[in-house]
Amino acid sequence: MSFNRLLGIFVAVTILMWVLIFALSPQPKYQPSININIPELPEPSVDTQNRQKIEFEEVNIGDFKIDTKDTLPSAKERVAKIDFNLYVYKIGAFESSKAISAVVKSYNDSGFPAFTKQNESNVNLTNVLVGPFATKKDIEENQKKLNKIAGIKSGEVIVWSP
1 MSFNRLLGIF VAVTILMWVL IFALSPQPKY QPSININIPE LPEPSVDTQN
51 RQKIEFEEVN IGDFKIDTKD TLPSAKERVA KIDFNLYVYK IGAFESSKAI
101 SAVVKSYNDS GFPAFTKQNE SNVNLTNVLV GPFATKKDIE ENQKKLNKIA
151 GIKSGEVIVW SP
């Protein structure tokens, strides 16, 4: 047999299989469509034909007096009246901004809020403070963790006011 005959037989058998598989196979049964009856909207209860026409009047602004004086105390006055103390834990005073950033980041990553404040006695130094804490007891309970994070032996508990 020649190559052309074999190729022809192969093509004929392929087409025959295609017809038998796809054309003569039973079609799948689809789910029947569901018809839903949507009721019409009811008539509006307001009579739109006999409604009253609204008339607008010009208002003179000079007839009204507006009191713009602020009667609330300022936030600074309210904070000054706070009768409870907050406490912070002073880690130390640093001169290098890289060291300050590293210490603050290590406390923040450990879940303790840390911030900096300019040293009052030496302008070149910056204090690193952790907190605020509600009580001294909170600081004492966490003191070992706080010291371990910065690698120090002890810190200082300071009363802090915002």
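Numbering (UniProt numbering), first residue to last: 1 to 162. Beta carbons are placed, not taken as given, at the ideal position from N, Cα and C, and that holds for glycine. Every value quoted in this text rests on a predicted model; they were computed, and no experiment measured them.
CA-CA distance, residue i and residue j?
i, j, result
"V128", "T116", "5 Å"
"I149", "S106", "7 Å"
"A102", "I158", "22 Å"
"P32", "S2", "54 Å"
"E95", "Q118", "10 Å"
"I21", "F10", "16 Å"
"R5", "T14", "14 Å"
"P44", "K69", "48 Å"
According to DSSP, is residue i part of a helix, a strand, or is it coil?
i, result
"E141", "helix"
"G155", "coil"
"V19", "helix"
Which word fits residue i, buried or exposed, when buried means at least 16 other C-beta atoms lie within 10 angstroms of its C-beta?
i, result
"Y30", "exposed"
"G8", "exposed"
"G111", "exposed"
Report whether the distance from the Cβ of residue i to the nearest heavy atom of the ligand NAD is below 7 Å.
i, result
"S161", "Judged by which ligands are present, the structure shown has none, so any question about the ligand NAD falls away."
So what does residue i bridge to, in DSSP terms?
i, result
"L129", "K90 and F115"
"W160", "L86"
Is the Cβ of residue i closer than 8 Å to any Cβ of chain D?
i, result
"R51", "Among the chains in the structure shown there is no chain D, since it carries only a single protein chain."
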